[in-house]
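Note that the protein sequences, when read in sequence, are chains D and U. The numbering of the first sequence is the UniProt record's numbering, which starts it at 1 and goes up by one. The numbering of the second sequence is the UniProt record's numbering, which starts it at 1 and goes up by one. Positions of the beta carbon are idealized from the N, C-alpha and C atoms, including for glycine. Being a predicted model, the structure only gives us computed values, none of them experimental. Read through the structure below, which is laid out as structure tokens, and then see the notes.
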Amino acid sequence: MYTTKTSLFWKFVVYAVLILGVAVFIIPFIYMLLTTFVDNAYTLPRPSEVFSVTPNLDNYETVWNRNNFFRYFLNSLLIAGVSMVGSLFLGALTAYAFARFQFPFKEFLFRMFLFTMMIPVVLAIVPQFTVISNLGLVNTYAGLWLLYIGGGVVGSTFFLRGFFETIPKELEDSIRIDGGGNWRIFWNIYLPLSKPALGTMAIFSFSGTWDEYFVALTIIKDEALRTLPIALMMFQGQHASNWAWIFAASIIALLPVVLIYIIFQKHFVKSGLSEGSMKG
Amino acid sequence: MKTPFSKVLGILSIIALLFVSACSSSDSSSEESSDGKVTIEYWHTYSDQEEKVLKEKIKPIFEKEHPNIKLKLTRMPYEGLKQQVIAGVSGNAAPDLMRMDIIWVPEFAKMGALKEVSSLDGFDKVKSSVFESPMATNMFDGKYYGVPVNTNTKIAIYDKKVLDQAGVTEAPKTMQELAAAAKKAKDAGAKGGITVGGANAWGVLPYFWSLGGKLTNEDYTKMDGFVNSPESVKALEQIILWKKDGLLSPTILGGEPGAWDGIKKHEYMMLDDGPWFYSVLMNEEKKKEDPLEYTVRGLIPEGPGGSRSVIGGEDLVIFANSKHPEEAWTFAQWMLTKEPQKLMSETGLIPTNLNAAKDPEFLKVPFVKEYVDQLETALPRTPIPQWSEFEKVFNLNIEKAIRGKMSVKEALDDTAKQGEAILKK
Chain D
1 MYTTKTSLFW KFVVYAVLIL GVAVFIIPFI YMLLTTFVDN AYTLPRPSEV FSVTPNLDNY
61 ETVWNRNNFF RYFLNSLLIA GVSMVGSLFL GALTAYAFAR FQFPFKEFLF RMFLFTMMIP
121 VVLAIVPQFT VISNLGLVNT YAGLWLLYIG GGVVGSTFFL RGFFETIPKE LEDSIRIDGG
181 GNWRIFWNIY LPLSKPALGT MAIFSFSGTW DEYFVALTII KDEALRTLPI ALMMFQGQHA
241 SNWAWIFAAS IIALLPVVLI YIIFQKHFVK SGLSEGSMKG
Chain U
1 MKTPFSKVLG ILSIIALLFV SACSSSDSSS EESSDGKVTI EYWHTYSDQE EKVLKEKIKP
61 IFEKEHPNIK LKLTRMPYEG LKQQVIAGVS GNAAPDLMRM DIIWVPEFAK MGALKEVSSL
121 DGFDKVKSSV FESPMATNMF DGKYYGVPVN TNTKIAIYDK KVLDQAGVTE APKTMQELAA
181 AAKKAKDAGA KGGITVGGAN AWGVLPYFWS LGGKLTNEDY TKMDGFVNSP ESVKALEQII
241 LWKKDGLLSP TILGGEPGAW DGIKKHEYMM LDDGPWFYSV LMNEEKKKED PLEYTVRGLI
301 PEGPGGSRSV IGGEDLVIFA NSKHPEEAWT FAQWMLTKEP QKLMSETGLI PTNLNAAKDP
361 EFLKVPFVKE YVDQLETALP RTPIPQWSEF EKVFNLNIEK AIRGKMSVKE ALDDTAKQGE
421 AILKK
């Protein structure tokens, strides 16, 4: 249909657009990386300074040893890790119920669930804080997990319900014939078949809580218990900020998210696990 | 059906156990009074260098002099700080004391979040020992809700190189001289003359006031006829005229290079800024040039309204739901005495305590003299609870006028109209 000439032309256009897209995404990142090598960036360095810089790790070293950065890094790992597992697990259970069980007011309940997603954090913070305070959970990770997991469950339920519903119901029969119950169906069929969805959700959930600043600062009062985004904000001064430090700290903070992405992205490719599991 | 359900329960209980253990381990560190000491919590926003002095000098001395009180310091980031305080107050989890931006005090006082201090023992003594205008920032409804812990203001800072190129030999004393110098600098090739930080109250007010503008009447109850008076219109028109003549640096509308950058690279003639300009830039580890060497300092040039800079700084407030108000007040009083004030001033913070500010040792800090002098004529931003709300209106209208989207008269009339409505709230 196409002559070689036109197809070559289109190939060229497609590649040009793709390369342009890559450039648009990666240049700010490279710029940020280069800025971390600048000394004394109390004023944002100019492009000429940024592109003539010699790479060094001085700012990374300063940042790592400042404002309890390392301690906060570990705190954040614990908080984001537990929240991720918690919201994923509870979300999967809830989604299973919504996908496979019939009960009164099911759709109404589901809508209510979704509705809570639409309330901005800033509006909810005072009532949330009052509740956490009445439970005696201010300044504890338990209080923070309660809010993070509570908030995360909604998102993962919404996401996983749709995925669960695509899993053929007939697969359950094999378990039922062998005398297995709902738990076994959930654990041995739904979870393994939903790995792509769970992987995606894990990345969302982890990066969501890893970046979270506002709720963490409100619930956690002790300096020693604070999380990484709070440490990042500490680099913003009242009158002047060292941008090289802020960017260096941001790059360090970015690493775990990149790592999590690398771990779970394998599962993206393996979609359609249930294909061929049944005849016809 | 039974077996899987019990498994779920099992897993849930494991999660619950995790919660409880995490909860108990962190709880133990927050509350302690085993040794009969009272712990007061102090929220602050000191910078790195300032925090060091606070932790290593102030805290040990205070605790030694007051063996029954323990000071717990918590440094707060700026981002969303106000919401943090609101959440803390409404959730009964505010600290005992806080070092808070002066313009927040009336607002929180109106909310009922702060403890009135003017009726406490020793208040009069504190009041007579500090500068008057910083003290005034604590007033709400005729009573005081805090004490000023440090103050600051902005002065005029000139780039020596640019002045030389323009053939100007000394810092301009009046607004006319300033404009003339900026013209010469511009003609000599400078990228910018007068560097106003932004089209907002903090940036514009020193010029607006010095050029004769006003925001309210004397007792801060009326805006109509003041913020839109002929003098105010003339003041803002003058600033806009400078802009049209190219005498202002692009920073007023957020243009590049930034204010500090422009001065550091000898591209702007003058900026107005606080003592942090020196304390931050002098502390840079690998600085190419010393800011003391390449700048000249002067008071904000005088105009029809005098030399009027704007007061910044922080007040020390006690929260209404503090569990240890007496001990908190003891600390607040102590913090305003000469010794701790002097210690904190080592970092470039200007003491509010008169004796500490006039101490020869403090005045030896190479850049502070002009700041202390400027404080005598500097004005606080209107100390009303509605300031933050009014500021938004003011900033927006000023920017519109500067961008030429609105005439100066219209912009200030609208500010007056909206301001009056805000004042009535």
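Problem set entry | Within chain U, the residues that residue 238 of chain D reaches when beta carbons sit closer than 8 Å | 45, 47, 78 and 276
Exercise. How long is the line joining the alpha carbons of residue 278 of chain U and residue 292 of chain U, rounded to whole angstroms?
Worked result: 7 Å
Problem set entry | Member of U:403, U:417, U:381 and U:393 whose CA lies at the smallest distance from the CA of residue 105 of chain U | U:381
For this session: Taking 8 Å as the cut-off, decide whether the C-beta atoms of residue 195 of chain U and residue 268 of chain U are in contact.
Result: yes
Problem set entry | DSSP-derived helix/strand/coil call for residue 319 of chain U | strand
Exercise. Is it true that the CB of residue 189 of chain D sits closer than 8 Å to the CB of residue 260 of chain D?
Worked result: no
Exercise. Does any CB atom of chain U fall closer than 8 Å to the CB of residue 84 of chain D?
Worked result: no
Exercise. So residue 261 of chain U is in the alpha helix (DSSP H); what residue range does that whole segment cover?
Worked result: 259-264
Exercise. For the putative contact between residue 87 of chain U and residue 30 of chain D, defined by C-beta atoms under 8 Å, what is the C-beta separation to the nearest angstrom?
Worked result: Going by Cβ atoms, the distance from residue 87 of chain U to residue 30 of chain D rounds to 39 Å, so no, they are not a contact pair.
Exercise. Is there a Cβ from chain U that is less than 8 Å from the Cβ of residue 129 of chain D?
Worked result: yes
Problem set entry | Inter-residue Cα distance where the pair is residue 367 of chain U and residue 275 of chain U | 8 Å
For this session: Measure the Cβ-Cβ separation of residue 337 of chain U and residue 69 of chain U and say whether it is below 8 Å.
Result: no
Exercise. Quick one: is residue 169 of chain U buried, meaning 16 or more other Cβ sit within 10 Å of its Cβ, or exposed?
Worked result: exposed
For this session: Spell out the partners DSSP gives residue 156 of chain U in its beta bridges.
Result: U:272 and U:298
Exercise. If you check the beta carbons only, do residue 205 of chain D and residue 84 of chain D fall under 8 Å apart?
Worked result: yes
Exercise. Buried or exposed: where does residue 3 of chain U fall if 16 or more other Cβ atoms within 10 Å of its Cβ makes it buried?
Worked result: Confidence at residue 3 of chain U is low in this model, with a pLDDT of 46, below 50, so its placement is unreliable and no value can be given for it.
Exercise. Alpha carbon to alpha carbon, how far is residue 101 of chain D from residue 158 of chain D?
Worked result: 15 Å
For this session: Name the residue from U:108, U:365 and U:79 whose alpha carbon lies nearest to the alpha carbon of residue 316 of chain U.
Result: U:108
For this session: Would you mind sorting residue 318 of chain U into buried or exposed? The rule is 16 or more other CB atoms within 10 Å of its CB.
Result: buried
Exercise. What span of residues does the alpha helix (DSSP H) with residue 375 of chain U cover, start to end?
Worked result: 368-375
Exercise. To the nearest angstrom, how far is it from the Cα of residue 419 of chain U to the Cα of residue 385 of chain U?
Worked result: 12 Å
Exercise. Run through DSSP, which three-state label would residue 353 of chain U get?
Worked result: strand
Exercise. Can you find a C-beta in chain D that's less than 8 Å from the C-beta of residue 23 of chain U?
Worked result: Because residue 23 of chain U carries a pLDDT of 43, less than 50, the predicted location of this residue cannot be relied on, and the following value inherits that uncertainty. Yes, because at least one Cβ of chain D sits closer than 8 Å to the Cβ of residue 23 of chain U.
Problem set entry | Inter-residue Cα distance where the pair is residue 18 of chain U and residue 350 of chain U | Interpretation of residue 18 of chain U is limited by its pLDDT of 47, a score under 50 that renders its predicted location unreliable; the figure taken from the coordinates is listed afterwards. Roughly 49 Å separates the two Cα atoms.
Problem set entry | Local Cβ density within 10 Å of residue 360 of chain U, reported as buried at 16 or more and exposed below that | exposed
Problem set entry | Cβ contact check for the region 18-37 of chain D and the region 243-253 of chain U: 3 or more pairs under 8 Å | no
For this session: Please state whether DSSP places residue 48 of chain U in a helix, a strand or coil.
Result: helix
Exercise. Do you know how far the Cα of residue 239 of chain U is from the Cα of residue 245 of chain D?
Worked result: 36 Å
Exercise. Fully enclosed by the region 377-406 of chain U, which alpha helix (DSSP H) runs are 4 residues long or longer?
Worked result: 387-402
Exercise. Is residue 138 of chain D buried or exposed, if buried means 16 or more other CB atoms sit within 10 Å of its CB?
Worked result: buried
For this session: Output, in chain order, the set of chain D residues within a Cβ distance shorter than 8 Å of residue 264 of chain U.
Result: 43
Problem set entry | Exposure of residue 219 of chain U, with buried meaning 16 or more beta-carbon neighbours within 10 Å | exposed
Exercise. Between the region 208-233 of chain D and chain U, which residues of the former have a C-beta closer than 8 Å to a C-beta of the latter?
Worked result: 213, 214, 217, 218, 221, 222, 223, 224, 225, 230 and 233
For this session: Check whether the Cβ of residue 40 of chain D lies closer than 8 Å to any Cβ atom in chain U.
Result: yes
Problem set entry | Length-filtered (3 minimum) beta strand (DSSP E) runs lying within the region 184-259 of chain U | 192-195
Exercise. Counting only beta-carbon atoms, is residue 105 of chain U nearer than 8 Å to chain D?
Worked result: no
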